[in-house]
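Following: one structure in structure tokens, then a few remarks.
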Amino acid sequence: MRLSRALILGASLLLAACSNDKGVRHLSSNGDGPDEFRILPNKPLEAPPNYTSLPAPTPGEGNRTDLDPLGDAVVALGGSRSAKHATAIPGRDSSLVNYASRQGLSPDIRASLASDDEAFRQSRGRFTNIRLVKQDRYNEVYKRYHLDQYRELYRWRGAGVATPTAPPTR
Numbered sequence: 019m020r021l022s023r024a025l026i027l028g029a030s031l032l033l034a035a036c037s038n039d040k041g042v043r044h045l046s047s048n049g050d051g052p053d054e055f056r057i058l059p060n061k062p063l064e065a066p067p068n069y070t071s072l073p074a075p076t077p078g079e080g081n082r083t084d085l086d087p088l089g090d091a092v093v094a095l096g097g098s099r100s101a102k103h104a105t106a107i108p109g110r111d112s113s114l115v116n117y118a119s120r121q122g123l124s125p126d127i128r129a130s131l132a133s134d135d136e137a138f139r140q141s142r143g144r145f146t147n148i149r150l151v152k153q154d155r156y157n158e159v160y161k162r163y164h165l166d167q168y169r170e171l172y173r174w175r176g177a178g179v180a181t182p183t184a185p186p187t188r
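So for the sequence shown, this note's numbering puts the first residue at 19; every next one is plus one.
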């Protein structure tokens with residue numbers, strides 16, 4: 019009886035370890051269900067001071083109780099909520115945008131970087147698929163690119179740069 023329980027437990031652990039996760043830190047689902055991060059609650063309903071001054075309804079457009087997270091972020095960062103200013107680059111940022119786009123712009127940059135990253139992880143992790151326990155391969159593959167925060171802190175302090183306090187090392 020004891021041996022059969024041990025075999026069942028061992029087989030279930032082995033079977034659970036054989037799952038094949040396609041992505042590193044894959045946070046989205048492939049299903050057709052709703053994306054819970056895109057569901058926004060409405061603002062509370064409120065009565066206007068005068069019902070005759072309300073604008074005419076526009077089908078397909080938002081209403082006063084709809085949230086606008088992108089517009090709220092633009093306003094919080096000092097921008098304007100109007101559509102004219104939402105797409106235009108402010109004059110104070112034009113030199114930064116010109117410098118950043120000096121080598122040209124790629125409209126498919128996200129897909130290109132994702133495929134390059136996948137190829138890099140595949141070249142670095144030839145034998146990392148054999149694991150008894152599911153692990154996050156991101157830290158394993160990119161370990162040599164990690165920044166040692168305390169080494170950098172001491173380097174900048176040694177150069178005479180004022181640095182903020184840091185938590186103690188463990």
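Glycine residues also receive a C-beta, built at the ideal position from the N, C-alpha and C atoms. These numbers were taken from a predicted model, which means no experiment stands behind them.
Asked	Found
Looking at Ala180 and Tyr168, is the spacing between their C-beta atoms short of 9 angstroms?	no
State yes or no: is the C-beta of Arg82 within less than 9 angstroms of the C-beta of Gly89?	no
Could you check what DSSP says for Arg56 in three-state terms: helix, strand or coil?	coil
Assuming Arg139 and Val159 are in contact, meaning their beta carbons sit under 8 angstroms apart, how far apart are those beta carbons, in whole angstroms?	5 angstroms
So, Leu85 versus Pro62, is the Cβ gap smaller than 9 angstroms?	no
What is the rounded straight-line gap between the Cα of Ser71 and the Cα of Pro125?	44 angstroms
Check for me: the alpha helix (DSSP H) holding Asn116 runs from which residue to which?	112-118
Would you identify the three-state DSSP class for Thr70, choosing helix, strand or coil?	helix
Once DSSP output is grouped into helix, strand and coil, what is the label at Ile107?	coil
Between the Cα of Val92 and the Cα atoms of Ser30, Pro108, Ala177, Pro182, which residue gives the shortest distance?	Pro108
Between Gly28 and Val151, what straight-line distance do the alpha-carbon atoms span, to the nearest angstrom?	13 angstroms
Return helix, strand or coil for Tyr4, following the three-state DSSP convention.	No answer is possible for residue 4: it lies beyond the span of the chain, which begins at 19 and ends at 188.
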